[in-house]
Amino acid sequence: MKRIKNVYALYFSPTGGTKKVVETLAKTIANQLEVDCVAVDVTLPNARWKTLVFGTGDLVVFGLPVIAGRVPNLLLPYVEECIVGGGAMGVPVVSFGNRNFDDALVELRNLMEQAKFQTIAGGAFVSEHSFSRSLGAGRPDANDLEEIKAFGVDIVEKIQNKWQYEAPVCVAGNNPPNPYYTPRDRHGNHIDIRKVKPKTTDVCTGCGICASVCPLGSIDKENPSIINGVCMKCCACVKHCPEGGKYFDDTGFVYHKEELEALYAERAKIACFL
Ligand SMILES: Cc1cc2nc3c(=O)[nH]c(=O)nc-3n(C[C@H](O)[C@H](O)[C@H](O)COP(=O)(O)O)c2cc1C
Numbered sequence: 008m009k010r011i012k013n014v015y016a017l018y019f020s021p022t023g024g025t026k027k028v029v030e031t032l033a034k035t036i037a038n039q040l041e042v043d044c045v046a047v048d049v050t051l052p053n054a055r056w057k058t059l060v061f062g063t064g065d066l067v068v069f070g071l072p073v074i075a076g077r078v079p080n081l082l083l084p085y086v087e088e089c090i091v092g093g094g095a096m097g098v099p100v101v102s103f104g105n106r107n108f109d110d111a112l113v114e115l116r117n118l119m120e121q122a123k124f125q126t127i128a129g130g131a132f133v134s135e136h137s138f139s140r141s142l143g144a145g146r147p148d149a150n151d152l153e154e155i156k157a158f159g160v161d162i163v164e165k166i167q168n169k170w171q172y173e174a175p176v177c178v179a180g181n182n183p184p185n186p187y188y189t190p191r192d193r194h195g196n197h198i199d200i201r202k203v204k205p206k207t208t209d210v211c212t213g214c215g216i217c218a219s220v221c222p223l224g225s226i227d228k229e230n231p232s233i234i235n236g237v238c239m240k241c242c243a244c245v246k247h248c249p250e251g252g253k254y255f256d257d258t259g260f261v262y263h264k265e266e267l268e269a270l271y272a273e274r275a276k277i278a279c280f281l
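So the sequence shown is numbered by the numbering used here: it starts at 8 and just counts up by one.
Set out below in structure tokens:
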């Protein structure tokens, strides 16, 4: 059996759901193995400049939010160029907003394998939808956290049962992944929210919190009502603003949000693969 010396919780998490899932899983694994757990948060642009090199002796739980049924495409260059598995054990994790994780987990599993991780397990977990306060509200909740911890215990058992890497872990999803999920309006037309950006109300005090939490560094620090760059609709600015000063009013965006809330109100199940 390979001796694991370090467990890493590696995540991109604009509104904190993925972070909670990944840290819970990684800490459980580390506790069981009696080793340290190191958190590596790559949410902000200034955390994504250096290459991360892992190796044998490391176990990396890597989590990303599901965006349109896939991993965030804006993050692909960073993941492909700056994360090196070096034979480390890998646990791909995706968090989704109560609709579906579609092919995101298989895509992340493939990315980790390409980066020379040996994937041993993978999971898809629910956390509150970026767009909404009701969709997946409160998740991951106490039940989820218990399931995540039990999954961590199962992963350690698999390692201790003399697990030898033979092939990538089998997870749900189409391989190769299907195209990005595209929402439609009631007439069947595609809703394209790629260019939509948040707006700012008069309650904005200019404190700059929204600029400091934007994972793409797209909000002007001096004047936060100016969006200089690309927006991935992660809603970190909306959810972190203490005044409630950021919002989206694009018709397609609002329609899609309301449609999701109506269609996916029922509690979605999480999925663990060993
Ligand atoms: C542009 C965009 C697209 C999304 N697409 C999906 C999706 O296809 N399925 C789903 O269930 N959740 C989807 N979500 C919701 C996020 O995956 C979910 O809220 C995630 O847990 C957020 O992670 P975070 O709290 O770490 O930021 C989407 C979110 C955004 C911003």
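C-beta: ideal position from N, C-alpha, C; glycine also.
Any idea if residue i is buried or exposed, counting beta-carbon neighbours within 10 angstroms, 16 or more meaning buried?
{"i": "T58", "result": "exposed"}
{"i": "V60", "result": "exposed"}
{"i": "K12", "result": "exposed"}
{"i": "L66", "result": "buried"}
{"i": "G145", "result": "exposed"}
{"i": "T208", "result": "exposed"}
{"i": "C244", "result": "buried"}
{"i": "A122", "result": "buried"}
{"i": "A46", "result": "exposed"}
{"i": "V178", "result": "buried"}
{"i": "I29", "result": "The residue asked about is misnamed: residue 29 is Val in this sequence, not Ile. So V29 ends up on the buried side."}
Report yes if the CB atom of residue i is closer than 9 Å to the CB atom of residue j, and no otherwise.
{"i": "F138", "j": "I155", "result": "no"}
{"i": "V49", "j": "Y15", "result": "no"}
{"i": "C293", "j": "K204", "result": "The displayed coordinates of the chain run from 8 to 281. Any statement about residue 293 would go beyond what the structure contains."}
{"i": "I200", "j": "G251", "result": "no"}
{"i": "Y187", "j": "R10", "result": "no"}
{"i": "D161", "j": "L281", "result": "yes"}
{"i": "G92", "j": "M119", "result": "yes"}
{"i": "K246", "j": "K206", "result": "no"}
{"i": "V42", "j": "L71", "result": "no"}
For residue i and residue j, what's the separation of their Cα atoms in angstroms?
{"i": "G97", "j": "C242", "result": "28 Å"}
{"i": "L112", "j": "L142", "result": "20 Å"}
{"i": "T189", "j": "I74", "result": "10 Å"}
{"i": "L267", "j": "F255", "result": "15 Å"}
{"i": "I233", "j": "I226", "result": "6 Å"}
{"i": "S20", "j": "V220", "result": "10 Å"}
{"i": "N235", "j": "L223", "result": "10 Å"}
{"i": "F69", "j": "L152", "result": "17 Å"}
{"i": "P147", "j": "G23", "result": "10 Å"}
{"i": "E135", "j": "K202", "result": "23 Å"}
{"i": "T35", "j": "R191", "result": "40 Å"}
{"i": "N150", "j": "E114", "result": "27 Å"}
{"i": "A95", "j": "G64", "result": "6 Å"}
{"i": "F124", "j": "T212", "result": "45 Å"}
{"i": "K264", "j": "P175", "result": "35 Å"}
{"i": "P184", "j": "G129", "result": "16 Å"}
{"i": "G159", "j": "T31", "result": "9 Å"}
{"i": "Q167", "j": "A157", "result": "15 Å"}
{"i": "C89", "j": "G215", "result": "29 Å"}
{"i": "E308", "j": "Y172", "result": "Because the chain spans 8 through 281 in this model, residue 308 falls outside it and cannot be assessed."}
{"i": "I117", "j": "I277", "result": "First, the amino acid is wrong: residue 117 is Asn here, not Ile. Cα to Cα, the separation comes out at about 20 Å."}
{"i": "T126", "j": "P52", "result": "27 Å"}
Leaving out five residues on either side along the sequence, give the residues of the same chain with a beta carbon under 8 Å from the beta carbon of residue i.
{"i": "A275", "result": "F103, N105, R106, N107, V133 and G143"}
Could you pull out every residue in the same chain whose Cβ sits closer than 6 Å to the Cβ of residue i, ignoring the five residues on either side in sequence?
{"i": "M8", "result": "Since pLDDT at M8 reaches only 49, below the 50 mark, its modelled position is unreliable, and the value read off the structure follows with that caveat. Same-chain partners within the cutoff: K169."}
{"i": "R55", "result": "V49 and Y85"}
{"i": "L81", "result": "M239"}
Excluding the five sequence neighbours on either side, which residues of its own chain have a C-beta within less than 7 Å of the C-beta of residue i, listed in chain order?
{"i": "V163", "result": "I36, Q39 and L40"}
{"i": "Y271", "result": "N105, R106 and L142"}
{"i": "G62", "result": "G93, G94 and A95"}
{"i": "C44", "result": "V14, A16, A33, K34 and A37"}
{"i": "T262", "result": "With the sequence shown as reference, residue 262 is identified as Tyr, and Thr is not the correct amino acid for it. These residues qualify, in order along the chain: D192 and I198."}
Beta strand (DSSP E) runs contained entirely in the stretch 61 to 130, provided each spans 3 or more residues: 65 to 72 and 96 to 103
Alpha helix (DSSP H) runs contained entirely in the stretch 186 to 257, provided each spans 4 or more residues: 216 to 220 and 243 to 247
Every unbroken beta strand (DSSP E) inside the stretch 29 to 59 [3 residues or more]: 43 to 48
Minimum length 3: unbroken beta strand (DSSP E) runs contained in the stretch 120 to 185: 129 to 133
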